[in-house]
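K.L.:
Here's a structure for you.
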Amino acid sequence: MDAAVPLFARPDFQQAAGDALRPGGTALTTRGLELCAGMGDLPAGARVADVGCGRGASLALLAGRGLSPVGLDLSPELLGHAREHACGRTSGQTAIPLLRASALSLPLAAHSCAAVLCECVLSLLGEPGRALDEFSRVLAPGGFLILTDLYLRARPEAGTRRAAGCAAGAAPQEEILQRLGAAGFTVRLFEDHSRLLAELAGRLLFAGLSLADLAPSLGTGRTDGQCGCAAGRPGYFLCIAVSHAAAAAGTAAPRQKEHA
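3 is the number of the first residue of the sequence shown in this note's numbering; add one for each residue after it.
See the structure below:
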């Protein structure tokens, strides 16, 4: 596999993974939105920024739920797909704004969003803390951050190195929570959904991708050249956090749940 081509950009991956391009698809996105609705106010018409919107699967979902999404992505190709697919599915509604932008510098006004959706993006970034600061900036007081992404269920053993590609920025749960706190978020829920990662890997293998294709992006590698995927135990999570203004409502530890 060409290491310069991200796994999500490969046509064979896109065909096997579907428009969502991530574990769990839009079902996990729906769960995140429903959890937010149960925790606070996310009314019809609320503005939701989908950072790293990709082919627009979540944009169509957000619009279908009566929310007002704005899609942001660095890839012109993916934005083109989003324009064709997501916007095409919402005919008769106001056009969904699509912006070419980095998660590190969002072209959105401060406090202009009721929620930020960021799915399988943070682990791709070299500066995840900077992105979280941007999310905090654009969120209205008490606004929701919905994260789904890769993480490490155990710290890598000595002699291992972090993976490349999609898992390059995967971190242990405690490190993710620390980053969120430093950016001014209160974490309300952290759920493990690693089964969805395994299911996606199975579909990709069935579609003809090899373990050699997947290991650099979804695991860790040992410095001695042996596979180190098990050392870091890559997993997948859903996290719900609220912007700093809501912290006064309570700072209890986040609810945690593991989905088999």
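Here a beta-carbon is modelled for each residue, glycine too, at the ideal position from N, C-alpha and C.
1. With a CB to CB cut of under 6 Å and the five nearest residues on each side skipped, what residues in its chain are close to His-246?
2. With DSSP collapsed to three states, give me the class of Asp-43.
3. Considering only the alpha carbon of each residue, which of Val-118, Met-41, Pro-130 and Leu-61 lies closest to Leu-179?
4. Does the count of Cβ pairs from the segment 111 to 121 and the segment 144 to 155 closer than 8 Å reach three?
5. Measuring only the C-alpha atoms, how far is Ile-242 from Arg-132?
6. If you check the beta carbons only, do Asp-52 and Pro-25 fall under 8 Å apart?
7. Using a Cβ-Cβ cutoff of less than 7 Å, which residues in the same chain neighbour Thr-28 once the five nearest sequence positions on both sides are dropped?
8. May I have the straight-line CA-CA distance separating Gly-56 from Asp-75, to the nearest angstrom?
9. Would Ala-117 pass as a contact of Ala-48 if the rule is Cβ separation under 8 Å?
10. Can you grab the Cα-Cα spacing for the pair Leu-44 / Gly-34, in whole Å?
11. Pull up the CB-CB distance for Ala-172 and Leu-198, whole angstroms please, since I reckon it's below 8 Å.
12. Leaving out the 5 sequence neighbours to the left and right, which residues in its chain are closer than 8 Å to Pro-78 when beta-carbon positions are compared?
13. Taking the alpha carbon of Val-244 as the point to measure from, which residue in Ala-39, Gln-175 and Gly-68 has its own alpha carbon closest?
14. Does Thr-225 pass the burial test, meaning 16 or more other C-beta atoms within 10 Å, or should it be called exposed?
15. Given this structure, state the Cα-to-Cα distance separating Arg-67 from Ala-46, to the nearest angstrom.
16. Go ahead and label Ser-196 buried or exposed: buried means 16 or more other beta carbons lie within 10 angstroms of its beta carbon, across all protein chains shown.
17. Use the C-beta contact count for Ala-105: other C-beta atoms within 10 angstroms, 16 or more gives buried, fewer gives exposed.
18. Identify which residue in Leu-182, Gly-237 and Leu-69 has its Cα closest to the Cα of Leu-202.
19. Which ranges does the alpha helix (DSSP H) cover as unbroken runs of at least 4 residues, wholly within the segment 74 to 127, from first to last along the chain?
20. Which class does Leu-69 belong to by DSSP, given the choice of helix, strand or coil?
21. Hey, out of Ala-65, Met-41, Leu-134 and Gly-42, whose CA is closest to Val-50's CA?
22. Kindly list the residues whose CB is nearer than 7 Å to the CB of Leu-182, restricted to its own chain and excluding five residues on each side of it in sequence; keep chain order.
23. Skipping 5 residues on each side, what residues in its chain have a beta carbon closer than 6 Å to that of Leu-149?
24. What does the alpha-carbon distance come out to for the pair Leu-81 and Leu-100?
25. Would you report the Cα separation of Asp-151 and Arg-235, rounded to the nearest angstrom?
26. Compute the Euclidean distance between the alpha carbons of Ala-232 and Arg-157, then round it to the nearest angstrom.
27. For the beta strand (DSSP E) that Gly-56 lies in, which residues bound it at each end?
28. Please confirm whether Glu-193 and Phe-239 have their CB atoms less than 8 Å apart.
P.N.:
Considering the structure as presented:
1. The residue labelled residue 246 in the question sits at position 244 within the sequence shown. Taken in chain order, the residues that qualify are Gly-186.
2. Position 41 of the sequence shown, counting from 1, holds the residue named residue 43. It is coil, neither helix nor strand.
3. Taking the sequence shown and counting its residues from 1, one reaches residue 179 at position 177. Cα-wise, what sits closest to Leu-179 is Pro-130.
4. yes
5. Taking the first residue of the sequence shown as 1, we reach residue 242 at position 240. Taking the first residue of the sequence shown as 1, we reach residue 132 at position 130. So the alpha carbons of these two residues sit roughly 18 Å apart.
6. In the sequence shown, the residue the question calls residue 52 occupies position 50. In the sequence shown, the residue the question calls residue 25 occupies position 23. Taking 8 Å as the Cβ cut-off, Asp-52 and Pro-25 do not qualify as a contacting pair.
7. Taking the sequence shown and counting its residues from 1, the one referred to as residue 28 is at position 26. Answer for Thr-28: Ala-22, Ala-59, Ser-60 and Leu-63, listed in chain order.
8. Counted from its first residue, the sequence shown places residue 56 at position 54. Counted from its first residue, the sequence shown places residue 75 at position 73. Looking at the two C-alpha atoms, the distance is approximately 6 Å.
9. Stepping through the sequence shown from its first residue, residue 117 is reached at position 115. Stepping through the sequence shown from its first residue, residue 48 is reached at position 46. Yes, the pair counts as a contact, with Cβ atoms nearer than the cut-off.
10. Taking the sequence shown and counting its residues from 1, the one referred to as residue 44 is at position 42. Taking the sequence shown and counting its residues from 1, the one referred to as residue 34 is at position 32. If you take the alpha carbons of Leu-44 and Gly-34, they lie about 12 Å apart.
11. Your numbering for residue 172 matches position 170 in the sequence shown. Your numbering for residue 198 matches position 196 in the sequence shown. Their Cβ separation, rounded to whole angstroms, is 15 Å, which puts Ala-172 and Leu-198 out of contact at 8 Å.
12. On the sequence shown, position 76 is the one that residue 78 refers to. Counting only Cβ-Cβ distances below 8 Å, and skipping sequence neighbours, we find Arg-102.
13. Position 242 of the sequence shown, counting from 1, holds the residue named residue 244. Among Ala-39, Gln-175 and Gly-68, the Cα nearest to that of Val-244 belongs to Ala-39.
14. Within the sequence shown, residue 225 is the residue found at index 223, counting from 1. Interpretation of Thr-225 is limited by its pLDDT of 39, a score under 50 that renders its predicted location unreliable; no figure is taken from the coordinates.
15. Looking up residue 67 in the sequence shown gives position 65. Looking up residue 46 in the sequence shown gives position 44. Cα-Cα distance, rounded: 8 Å.
16. Against the sequence shown, residue 196 aligns to sequence position 194. By the 10 Å Cβ count, Ser-196 comes out buried.
17. Taking the sequence shown and counting its residues from 1, one reaches residue 105 at position 103. Classification of Ala-105: buried, given that the 10 Å Cβ count is 16 or more.
18. Here residue 202 is taken as the residue at index 200 of the sequence shown, counted from 1. With distances taken between Cα atoms, Leu-202 lies closest to Gly-237.
19. 78 to 87
20. Here the question's residue 69 lines up with position 67 in the sequence shown. It is coil, neither helix nor strand.
21. By 1-based counting over the sequence shown, the position of residue 50 is 48. Cα-wise, what sits closest to Val-50 is Ala-65.
22. Taking the first residue of the sequence shown as 1, we reach residue 182 at position 180. Excluding sequence neighbours, Leu-182 sits near Leu-134, Val-189 and Ala-243.
23. Sequence index remark: in the sequence shown, residue 149 carries index 147 (1-based). Cys-120 and Cys-241, listed in sequence order.
24. Counted from its first residue, the sequence shown places residue 81 at position 79. Counted from its first residue, the sequence shown places residue 100 at position 98. Distance between the alpha carbons of Leu-81 and Leu-100 is about 7 Å.
25. On the sequence shown, position 149 is the one that residue 151 refers to. On the sequence shown, position 233 is the one that residue 235 refers to. The alpha-carbon atoms of Asp-151 and Arg-235 are separated by roughly 14 Å.
26. Translated into positions along the sequence shown, residue 232 becomes position 230. Translated into positions along the sequence shown, residue 157 becomes position 155. Only weak support is given to the placement of Ala-232: the predicted model assigns it a pLDDT of 44, under 50, and the question is left unresolved by the model.
27. In the sequence shown, residue 56 corresponds to position 54, counting from 1. No beta strand (DSSP E) holds Gly-56; DSSP gives it neither H nor E.
28. Translated into the one-based positions of the sequence shown, residue 193 becomes position 191. Translated into the one-based positions of the sequence shown, residue 239 becomes position 237. Yes. Within cutoff.
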